[in-house]
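A.B. asks: My questions will all concern the structure given below.
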Amino acid sequence: YPETWISMDPSQDFIQVPVLKEDKSYRTIYNLFHKTVPETKYKILKILRVQNQFLWEKYKRKKEYMSKKMTGLDRIMNERHLFHGTSQDVVDGICKHNFDPRVCGKHATMFGQGSYFARKASYSHNFSKRSPKGVHYMFLAKVLTGRYTVGNHTMRRPPPVNPGSITSDLYDSCVDNYFEPQIFVIFNDDQSYPYFIIQYEEVSNTV
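Using the UniProt record's numbering, the letters of the sequence shown correspond one by one to residues 1 to 207.
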């Protein structure tokens, strides 16, 4: 498990651990989030690290499996840190069961019927529903994007790399744009891990 993880009771499915402001990961996530979400409009309240040993093991196994089929640069590009906006009521469900490709399409299925992740927090913000207390929730997830192709709304899984062969490998994910992908869609839940939760709110203009 990552060295930053704290020990947890084996009977717990997951725990959410607050990330301290002085931690390096806090600063990294803060900068990544505010790269596209202006600090003048939204303020981060807290960042929580999700520790789920079962999901982490599954994700790690999938990463090793995918890496075996890849060469140098592809292997480095395989794993990305991407945003996923959500609502408060499903946060704990995601921490326990992971992002579910079958239900994540509630909002958008333009590039395939899977779980959607974005490079820009500003895009994911559109899917982050404000809680009754005015808090927004967004995950920064680890995602194994692998080999990708442009998706469409009919896809329930990625298309084959070699359409002529019945045993062809499938692409690992679908994207909005092949040359400059901003949105990634994955169809298997072992290709993602809910790494951090960002809680943030709108900055009030009242003085």
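Glycine included, every Cβ here is placed at the ideal spot set by N, Cα and C.
1. According to the Cβ coordinates, are M52 and Y193 closer than 9 Å?
2. Since Y195 contacts L144 with CB under 8 Å, what's their CB separation in whole angstroms?
3. Rounded to the nearest angstrom, what separates I6 and P18 at their Cα positions?
4. Kindly indicate which residue of W56, E64, Q16 has the alpha-carbon position closest to the one of K46.
5. Could you tell me whether the segment 29–37 touches the segment 52–70, where touching means 3 or more Cβ pairs closer than 8 Å?
6. When burial is assigned at 16 or more other CB atoms within 10 Å of the CB, is L20 buried or exposed?
7. Could you give the distance in angstroms between the alpha-carbon of F127 and the alpha-carbon of R157?
8. Quick check on DSSP: helix, strand or coil for S165?
9. In this structure, how does DSSP classify T28 when only helix, strand and coil are distinguished?
10. Say yes only if the C-beta of L48 is nearer than 8 Å to one or more non-hydrogen atoms of the ligand HEM, and no if none qualify.
11. How big is the Cα-Cα spacing for P184 and D176?
12. Find the nearest neighbour of F111 within the set G72, S122, S173, L48, judged by alpha-carbon distance.
13. Bridge partners of C95, per DSSP?
14. When you compare each of P10, V161, F83, T28 to K142 by their alpha carbons, which one comes out closest?
15. Return the chain-ordered ranges of every beta strand (DSSP E) run that is complete within the segment 67–146 and spans a minimum of 3 residues.
16. Verify whether the separation of the beta carbon atoms of I197 and Y137 is less than 9 Å.
17. Taking Cβ positions only, does S124 come closer than 9 Å to chain D?
18. Under a Cβ-count criterion, where at least 16 other Cβ atoms within 10 Å of its own Cβ denotes burial, should R130 be classed as buried or exposed?
C.D. replies: Answer, in terms of the structure:
1. Here residue 52 is Asn; the residue named in the question, Met, does not match the sequence. Yes, the Cβ-Cβ distance between N52 and Y193 is below 9 Å.
2. About 12 Å separates the beta carbons of Y195 and L144, which is beyond the 8 Å limit, so they are not a contact pair.
3. Whole-angstrom Cα-Cα distance: 11 Å.
4. With distances taken between CA atoms, K46 lies nearest to Q16 out of W56, E64, Q16.
5. No, the segment 29–37 is not in contact with the segment 52–70.
6. By the neighbour-count criterion, in which a residue is buried when 16 or more other Cβ atoms sit within 10 angstroms of its Cβ, L20 is exposed.
7. Between F127 and R157, the C-alpha separation is close to 22 Å.
8. Residue state, collapsed to three classes: coil.
9. T28 sits in a helix when the DSSP states are folded into three classes.
10. With respect to the ligand HEM, the structure offers nothing, as it holds no ligand at all.
11. The displayed chain sequence assigns Phe, not Pro, to residue 184. The straight-line gap from Cα to Cα measures roughly 7 Å.
12. The shortest C-alpha separation from F111 is found at S173.
13. According to DSSP, C95 bridges with nothing at all.
14. Selected option, being the one with the closest Cα: F83.
15. DSSP runs (the beta strand (DSSP E)) wholly in the segment 67–146: 79–86, 115–118, 135–144.
16. Contact: yes.
17. Among the protein chains of the structure shown there is no chain D, as only one such chain exists.
18. Exposed, since its Cβ has fewer than 16 Cβ neighbours within 10 Å.
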